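Inspection log for the structure reproduced underneath, given as structure tokens.
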Amino acid sequence: MHIFCDSKLRYHIVNDIDILVGDCREILPTIDAQSIQCCVTSPPYWGLRDYAHPEQIGAEPVPTGYVENLTHVFREVRRVLRDDGTLWLNIGDGYARNGGTGSCGPNAKVGNTKKLIQKRNCRVPDCWGLKDRDLLGLPWRVAFALQEDGWILRSHITWIKKAPMPESVRNRPSNATESVFLFAKSDKYYYDNQAIRESSGANLRNYWILGPDSQKSDHPAVFPKELARRCILLGSREGDVVLDPFSGSGTTALAAAEMRRKAVLIELNQEYADQSKARLEKGIQAALWS
2 MHIFCDSKLR YHIVNDIDIL VGDCREILPT IDAQSIQCCV TSPPYWGLRD YAHPEQIGAE
62 PVPTGYVENL THVFREVRRV LRDDGTLWLN IGDGYARNGG TGSCGPNAKV GNTKKLIQKR
122 NCRVPDCWGL KDRDLLGLPW RVAFALQEDG WILRSHITWI KKAPMPESVR NRPSNATESV
182 FLFAKSDKYY YDNQAIRESS GANLRNYWIL GPDSQKSDHP AVFPKELARR CILLGSREGD
242 VVLDPFSGSG TTALAAAEMR RKAVLIELNQ EYADQSKARL EKGIQAALWS
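The opening residue of the sequence shown carries number 2 in this note's numbering; numbering runs sequentially from there.
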């Protein structure tokens, strides 16, 4: 694929997959305008996981900075999309917490993943009138910010998790869903409503019940390949280029390759980029021999 004006460290993998290693805020401006058909991505949660890089999005002192950073990123995504392109954005939420011994205390963790970023300075952010234990509402705050920045917000999809992460909470229901937003660059965007249908043959509904992938990953936050597959089938044609500016374990590219699409990944963390490369090479070879 010849869509880059410039790039940092770049891995090229069989079947037209490129992994660009670096900060997406620096790399996206080097990608040619209108060279991407579809963006499918899941940015880091705010204040939840440490992705082991000093410049990571999600480590901002307050969530307003997180919203601003994502708005900047997706403004560049809109520039590189074709006029009929779409953005499929999976984004998680979180809670405002004061310090303590629980989810914001010195031993705070999420399952067996890395330490929480928030424990470094865990207090209720001074914004939006937040109080201790408030749900931040980040998915919709980001969605409205992107809408105000020029995106057309077309759909909110509820991803219902078959196997959500257990929570030991006693004063609210356990979380078992996440948000997926469909944004369009223009009102004449590509959407293949025949690509995926309900089992009855009806139009696809905006709640998706999806389980985790059986294949384990060293990345702390992997969304299901089926989620990426649906977004790619609905928002692109065979041979189109799919972008993921927060590629993580490379799930978007693996789904794209299986659907005969090209893919461009951007990954900030060198270790995760190496893991993605190995995973993609193994997964693509397995698909070729199946």
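Where a beta carbon is used, it is the ideal one built from N, C-alpha and C, also for glycine. In this text, all values refer to a predicted model and were calculated from it rather than measured experimentally.
Where the beta strand (DSSP E) containing C39 begins and where it ends: I37 to T42
Spatial neighbours of G95 within its chain, please: CB distance less than 7 Å, with the 5 preceding and 5 following residues excluded, ordered by chain position. Y46, W47, G48, L49, L137 and L139
Start and end residues, alpha helix (DSSP H) containing W141: L139 to E149
Grab the span of the alpha helix (DSSP H) containing E259 for me, first residue to last. T252 to E259
Over the uninterrupted beta strand (DSSP E) stretch that includes V22, give me the two end residues. I18 to V22
So, K186 versus I158, is the Cβ gap smaller than 9 Å? Cβ distance not < 9 Å, so K186 and I158 don't count as in contact.
Please state whether DSSP places V74 in a helix, a strand or coil. helix
Just grab the DSSP bridge partners of I159 for me. The question names Ile, but residue 159 is Thr in the sequence shown. Its beta-bridge partners are S180 and Y208.
Does the beta-carbon distance from A196 to L234 come in below 9 Å? yes
In chain order, what residues of the same chain lie with their CB nearer than 8 Å to the CB of D133, ignoring the 5 residues before and after it? Excluding residues within five positions, the ones whose Cβ falls inside 8 Å are A97, R98, N99 and V125.
Please classify A177 as buried or exposed, where buried requires at least 16 neighbouring CB atoms within 10 angstroms. By the 16-neighbour rule on beta-carbons within 10 angstroms, A177 is exposed.
Can you give me the C-alpha to C-alpha distance between V170 and K162, rounded to a whole angstrom? If I take the Cα positions, the gap works out to 18 Å.
Residue range of the unbroken beta strand (DSSP E) whose run includes G86: L82 to I92
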